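This report refers to the structure that appears directly beneath it.
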Amino acid sequence: MAPDGPVLVFDSGLGGLTVLREIRYLLPYEQLLYVADDAAFPIGRWPEDQLKDHLLSLFDDLLGEHRPKAVVIACNTAFTLAGEALRDRYPDVPFVGTVPAIKPAAERTSSGLISVLATPGTVRRAYTRTLIDSFASQCHVRLVGSDLLAELAEQHLRGDAVADADLLSEISDCFLESAGKRTDIVVLACTHYPFLANRFRKIAPWPVDWLDPAEAIARQLVRVLGSDTLQNSTGKEDIARFTSKTEDKGLVRLLAGFGLQLRTAGT
Ligand code: DGL
Numbered sequence: 000m001a002p003d004g005p006v007l008v009f010d011s012g013l014g015g016l017t018v019l020r021e022i023r024y025l026l027p028y029e030q031l032l033y034v035a036d037d038a039a040f041p042i043g044r045w046p047e048d049q050l051k052d053h054l055l056s057l058f059d060d061l062l063g064e065h066r067p068k069a070v071v072i073a074c075n076t077a078f079t080l081a082g083e084a085l086r087d088r089y090p091d092v093p094f095v096g097t098v099p100a101i102k103p104a105a106e107r108t109s110s111g112l113i114s115v116l117a118t119p120g121t122v123r124r125a126y127t128r129t130l131i132d133s134f135a136s137q138c139h140v141r142l143v144g145s146d147l148l149a150e151l152a153e154q155h156l157r158g159d160a161v162a163d164a165d166l167l168s169e170i171s172d173c174f175l176e177s178a179g180k181r182t183d184i185v186v187l188a189c190t191h192y193p194f195l196a197n198r199f200r201k202i203a204p205w206p207v208d209w210l211d212p213a214e215a216i217a218r219q220l221v222r223v224l225g226s227d228t229l230q231n232s233t234g235k236e237d238i239a240r241f242t243s244k245t246e247d248k249g250l251v252r253l254l255a256g257f258g259l260q261l262r263t264a265g266t
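The numbers in numbering that gives the first Met the number 0 rise by one with no breaks, and the one at position 108 of the sequence shown is 107.
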């Protein structure tokens with residue numbers, strides 16, 4: 000029997016909500032289950048072996064419990080490490096991944112200077128190197144790993160103050176001037192960062208295109224589901240689950256703004 004559960008959207012924290020909102024525009028009738036592995040957040044600094052084992056064991060539980068019709072890994076750090084292993088382990092589950100948008104950036108750049116802003120994990124990945132070699136060998140690609148931005152994005156989203164100076168010190172390495180040319184595209188290669196894009200625009204030394212792949216990921220999900228997309232509402236609620244089992248009231252309100260009801264395991 001084909002899995003008939005919701006579309007499961009996964010991230011380590013709140014970043015995947017940037018992808019979930021695009022999915023809802025394109026697929027308004029699908030039931031969405033947002034899973035945040037916030038007990039592990041931030042995963043950008045985790046050692047690769049440990050993180051991969053952790054993700055595979057978490058997905059054993061999630062897929063068994065929810066039988067999703069498709070899974071969107073709305074996290075570059077997780078997908079560039081474990082995407083292939085997840086597809087091998089669950090060949091019947093359609094996975095849609097998130098990878099640094101290096102190919103579209105290489106197609107769009109005028110100056111040939113591109114920066115990829117990501118977690119330290121995504122910057123280190125062999126997957127990211129392969130994307131650069133395959134699609135951007137004609138460009139100068141600067142990889143900028145940030146230790147703090149995912150956490151700063153969560154603070155910003157929850158309404159806590161985040162200083163411009165703290166953001167600027169994380170993004171300033173993205174801006175390169177060489178032989179009269181300047182960086183013209185910064186790839187937002189962590190799903191948390193689009194929440195900060197308007198802040199980045201205000202403090203950037205010059206205007207650039209901040210490339211957010213969320214819409215392209217949602218379109219890929221539409222392609223993967225093919226004719227298996229719901230055309231009428233089922234009336235089922237969209238749900239969020241957090242691995243820390245938090246019931247924080249502020250988080251409940253924030254998730255409601257994304258059309259999600261927070262449920263703790265077993266409810
Ligand atoms: N949102 C995740 C990504 O796209 C990473 C956040 C984290 O460090 O946990 O890479």
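Even glycine gets a Cβ: it sits at the ideal position worked out from N, Cα and C.
Just so it is clear, the structure is predicted and the values come from calculations on it, not from any experiment.
{"query": "Option nearest T245 by Cα separation, candidates R262, E64, D208, E236", "result": "R262"}
{"query": "Buried or exposed (CB count within 10 angstroms, at least 16 for buried), I28", "result": "Note that residue 28 is Tyr in the sequence shown, not Ile. That one is exposed."}
{"query": "Helix, strand or coil at D146 [DSSP, three-state]", "result": "coil"}
{"query": "Per DSSP, cross-strand counterpart(s) of Y33", "result": "V8, A239"}
{"query": "Check whether L167 and I202 have beta carbons under 8 angstroms apart", "result": "yes"}
{"query": "Identity of the residues DSSP links to A117 by a beta bridge", "result": "G144"}
{"query": "M0 in three-state terms, based on DSSP", "result": "Because the pLDDT at M0 is just 48, under 50, the model does not fix this residue reliably, and the value given afterwards should be weighed accordingly. Residue state, collapsed to three classes: coil."}
{"query": "Sufficient close CB pairs (3 or more, under 8 angstroms) joining the segment 78-95 to the segment 35-54", "result": "yes"}
{"query": "Per DSSP, cross-strand counterpart(s) of G176", "result": "Here the sequence assigns Glu to residue 176, which means Gly is not the residue at that position. DSSP, once it has assigned bridges, lists R181 as partnering E176."}
{"query": "beta-carbon G256 near the ligand DGL non-hydrogen atom, thresh 7 angstroms", "result": "no"}
{"query": "Close beta carbons around G144, own chain, < 7 angstroms, minus the five adjacent residues each side", "result": "A117, T118, P119, V122"}
{"query": "First through last residue of the alpha helix (DSSP H) which encompasses V207", "result": "Note, V207: premise wrong, no alpha helix (DSSP H); not H, not E."}
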